[in-house]
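Here the sequence shown is numbered in the UniProt record's numbering, starting from 1 and rising by one per residue. The block underneath contains the structure these notes are about, expressed in structure tokens.
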Amino acid sequence: MTTLLISDLHLHPGSPRVTEGFLHWLEARARVGDALYILGDLFEAWIGDDLLDLAEQDSTGNAALAAGIAAALRRLAEGGTAIYLMHGNRDFLVGSRFAAEAGASLLPDPTVLELGGKRVLLMHGDSLCTRDEAYMAFRQQARDPQWQAQVLAMPIQERIALAGQLRKQSGEANSNKAEDIMDVTPGEVVNVMAEHGVTTLIHGHTHRPAVHEIEVDSRPARRYVLGDWQPAKGWEIAIEDSSEPQLQAFPLP
1 MTTLLISDLH LHPGSPRVTE GFLHWLEARA RVGDALYILG DLFEAWIGDD LLDLAEQDST
61 GNAALAAGIA AALRRLAEGG TAIYLMHGNR DFLVGSRFAA EAGASLLPDP TVLELGGKRV
121 LLMHGDSLCT RDEAYMAFRQ QARDPQWQAQ VLAMPIQERI ALAGQLRKQS GEANSNKAED
181 IMDVTPGEVV NVMAEHGVTT LIHGHTHRPA VHEIEVDSRP ARRYVLGDWQ PAKGWEIAIE
241 DSSEPQLQAF PLP
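Quick look at the structure:
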């Protein structure tokens, strides 16, 4: 069994090299995997699954990108790789229609699975950044089904404008925050891992790839952080059979 995990690709029309690199990775590397887990922020923004209906009318390129990625994922799924999608802080409106067209299953955040012979906690990671109180307040709103329903009921052009506004506000807010505020809260990590009874956590979101040796309930534990994809480099975690997770970067063609 080979399990692959990635996150934080932030695909958008303005970064074609990342998109091209991801499509190449799907056709080459990902096909060796029995399962692929995408732990959030596959897209830089997602305004609703009805974006897929606009592939020929959308001048921004977002609809064509979404349709192309869905088709590429479906080809991978049809080749025998199980695909799982978790929401991130950018693409929390990804729904069942996109998942179906991509041949994927939506995965709750958090999720505990047995990988490599041990219980592993999978998360996007944004819920661990509890010191960022402003973001946590927005996260609570954005994950509320009623709020999401109200947004999805808006005309699509208004949703496109809202997504742009939220991205701008997020960038401005982050530029004024201390670095440690935007990282995970160590105590929250330990609490969440103890709550789920695991000694292995894999997440993304922070764009700070690393393997952290920690202690949970007096037991040695590890926190694996996936990196974000850049035009020249991607990140993955591979788990082979009962081996330890391997965090690795690789060049994009």
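For every residue, glycine included, the Cβ atom is placed at its ideal position computed from N, Cα and C.
Query, Result
"Whether or not the stretch 207-215 and the stretch 224-243 are in contact is what I'm after, with contact meaning three or more pairs of Cβ atoms, one per stretch, closer than 8 Å; do they touch?", "yes"
"Could you work out which residue in E172, E44, S242 is closest to L11 when comparing CA atoms only?", "E44"
"Can you check which of these residues, L93, A104, E195, M1, is closest to I38 by C-alpha distance?", "A104"
"Between the C-alpha atoms of D132 and D183, what's the straight-line distance to the nearest angstrom?", "9 Å"
"Check whether the Cβ atoms of V18 and P251 sit closer than 8 Å, and answer yes or no.", "no"
"Of all the alpha helix (DSSP H) runs that stay within the bounds of the stretch 76-148, which reach a length of 4 or more residues?", "96-101, 133-142"
"Use the C-beta contact count for R223: other C-beta atoms within 10 angstroms, 16 or more gives buried, fewer gives exposed.", "buried"
"Could you check if P110 is buried or exposed, using at least 16 other CB atoms within 10 Å of its CB as the buried criterion?", "buried"
"Please list the segments of the beta strand (DSSP E) lying wholly inside the stretch 176-203, counting only runs of 3 or more residues, in order along the chain.", "200-203"
"Under 8 Å between the Cβ atoms of I239 and G116?", "yes"
"Let's see if you can read the secondary structure: which residues bound the beta strand (DSSP E) around T2?", "2-6"
"Determine the DSSP secondary structure at L36, reduced to helix, strand or coil.", "strand"
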